[in-house]
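Some notes on the structure that comes next.
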Amino acid sequence: MEILNDIDGMRLALEWAARGLYTTSPNPRIGCVIVRDGQVIGAGVTQAAGQDHAEVQALANAAARGNDVRGATAYVTLEPCNHHGRTPPCSDALVRAGLGRVVAAMTDPNPLVAGQGLAKLEAAGIAVTTGVLADEAYEMNIGFFSRMQRGKPWVRMKTAASLDGMTALHNGQSQWITGPAARADGHAWRARACAILTGIGTVKADDPQLNVRAVETPRQPRRIVVDSRLDISLDARILQGGGTWIVAAVANPEKEAQLRALGAEVILLPNAAGKVDLAALMLELGRRQINEVHVEAGTRLNGSLIREGCVDELLVYLAPTLLGDAQGMFALPALTDLKQQRTLQFHQIQQVGEDLRILARFAQRN
1 MEILNDIDGM RLALEWAARG LYTTSPNPRI GCVIVRDGQV IGAGVTQAAG QDHAEVQALA
61 NAAARGNDVR GATAYVTLEP CNHHGRTPPC SDALVRAGLG RVVAAMTDPN PLVAGQGLAK
121 LEAAGIAVTT GVLADEAYEM NIGFFSRMQR GKPWVRMKTA ASLDGMTALH NGQSQWITGP
181 AARADGHAWR ARACAILTGI GTVKADDPQL NVRAVETPRQ PRRIVVDSRL DISLDARILQ
241 GGGTWIVAAV ANPEKEAQLR ALGAEVILLP NAAGKVDLAA LMLELGRRQI NEVHVEAGTR
301 LNGSLIREGC VDELLVYLAP TLLGDAQGMF ALPALTDLKQ QRTLQFHQIQ QVGEDLRILA
361 RFAQRN
């Protein structure tokens, strides 16, 4: 592939970043390509936490191919890091390699970096350009930016509904409203999240595993259950394999010990009403380095999360069918005036199999 300009180079770097869609958390998904005379001489993607970042991977790839990177241009989807974390600074590696130019889509929102990586490159005599395909790079790491800038993850709520907005019959039957293509697509969205969140109502009604099955991924997202009174059955499938976080409002030492024996962790976050403090939960998830949360819950928890301002984006699959008098998507209070309606902006609309996939975003809040 010939790289004719910076747009071409960054677009290819973003393609490499997408290879880490399911694997880099809690680190951002970063791609890097090294170009000389319009030809790609090295490329890489950030590996799992604690392993090489994209820049180091690209330099190693170039060396393995016998390519000299001195004076070449590196396209990277986020500013190279400049601090010692699990790995050494990528900015140092680029300086040592003798790159002539670095094009970064965006500066890193991490306060440990925040322009320092680019400053180090410039101080070493490397030409630096920023802002190329910045919007696309932001979308690739929207959860990482959310955690760095707001201290909490990007929360995406998924639901599947009929064309008249119904998610299940009143008897609870809901499988299946959407087709197999939409269900597989939903698993891809699960896979890219750091955590999947549901409520005790869904666990009791459906006994879901809430794992990723329809796409290949080396990492399963963390499973989180909002369960104010620790009503979860010890036989619930969501507890299988361990690692599940149960978020409660009422302490129950005996039940907590039983859950710990199954590999689960109980997090107590009560509010004044004796329920789980959902806003506090999001901040706690941010502290635990959760970048993206994928919500698959029932109407009550969905409604509560929306009312508390905890949801950033809706992922709605609409099937070309009508269910009539049935269960809706969200339990929200009745309005007395249309001025009270909650508005969103359509971000993306796409047909998936026979169904429509709609991404709609709430106005940004803190």
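Using the UniProt record's numbering, you'd call the opening residue of the sequence shown number 1 and step up by one each time. Glycine included, every Cβ here is placed at the ideal spot set by N, Cα and C.
| Item | Value |
| --- | --- |
| Any 3 or more C-beta pairs closer than 8 Å across the segment 146-153 and the segment 277-293 | yes |
| Any beta strand (DSSP E) of 3 or more consecutive residues that is wholly inside the segment 226-267 | 245-248 |
| Identity of the residues DSSP links to LYS158 by a beta bridge | LEU315 |
| Contact under 8 Å by Cβ, GLY9 with VAL103 | yes |
| Integer Cβ distance of PRO221 from ARG183, believed to fall under 8 Å | The Cβ separation is near 17 Å, so there is no contact. |
| Endpoints, alpha helix (DSSP H) assigned at VAL295 | That residue, VAL295, is in no alpha helix (DSSP H); its beta strand (DSSP E) goes 292-295. |
| Buried or exposed (CB count within 10 angstroms, at least 16 for buried), ASN171 | exposed |
| Proximal residues to LEU12 (C-beta, below 6 Å), its chain only, five neighbours per side dropped | VAL33 |
| Chain D contact for PRO333 (CB, 8 Å cutoff) | Here chain D cannot be found, since the structure has a single protein chain. |
| Beta-carbon contacts of VAL311 that lie in its chain and below 6 Å, excluding the five residues immediately before and after | VAL155, MET157, LEU305 |
| Residue burial classification, ASP185 (beta-carbon count within 10 angstroms, cutoff 16) | buried |
| Simplified DSSP assignment, three categories, for residue 380 | In this structure the chain extends from 1 to 366, so residue 380 is not present and cannot be described. |
| Same chain, Cβ closer than 7 Å to ASN27, five either side skipped, listed in chain order | THR46, ALA49 |
| Integer-rounded CB distance, given that PHE330 should sit under 8 Å from LEU344 | Actually they do not touch by this definition, with Cβ atoms about 12 Å apart. |
| Burial state of LEU234, where buried means 16 or more other Cβ atoms lie within 10 Å | exposed |
| Inter-residue spacing [alpha-carbon to alpha-carbon] between ARG237 and GLY201 | 14 Å |
| Under 8 Å between C-beta atoms of GLY100 and GLY71 | yes |
| Per DSSP, cross-strand counterpart(s) of ALA127 | ARG101 |
| Rounded distance between the beta-carbons of THR198 and PRO208, thought under 8 Å | 7 Å |
| Enclosing alpha helix (DSSP H) for LEU278 [first to last residue] | 278-287 |
| Host beta strand (DSSP E) of HIS53 (start-end) | Unbroken run through HIS53: none, as it is neither H nor E. |
| Three-way DSSP call (helix, strand, coil) for LEU59 in this model | helix |
| For LEU314 and ARG307, the rounded distance between their alpha carbons | 14 Å |
| Coil, strand or helix - ILE3 by DSSP | coil |
| Expected contact under 8 Å - CB spacing of VAL215 and ALA188 to nearest Å | 5 Å |
| PRO176 classed as buried or exposed, judged by whether at least 16 other C-beta atoms fall within 10 angstroms | The sequence given here places Trp at residue 176; Pro does not occur at that position. Burial call: exposed. |
| Proximity to ARG19 [Cα-Cα], best of ILE3, SER146, HIS53 | HIS53 |
| Helix, strand or coil at LEU301 according to DSSP, with G and I counted as helix | helix |
| Limits of the alpha helix (DSSP H) - the one that HIS170 falls within | First-last for HIS170: undefined, no H or E at that position. |
| Own chain, CB closer than 6 Å to GLN289, minus 5 neighbours either side, in chain order | PRO26 |
| Proximity test, ARG65 beta-carbon vs the ligand FMN heavy atom, cut-off 7 Å | Within the structure as shown, the ligand FMN is missing, as the structure has no ligands at all. |
| Sequence-distant residues of the same chain with beta carbon closer than 7 Å to PHE144, five excluded per side | PRO28, ASN291 |
| Beta bridge counterpart(s) of PRO270 as assigned by DSSP | VAL276 |
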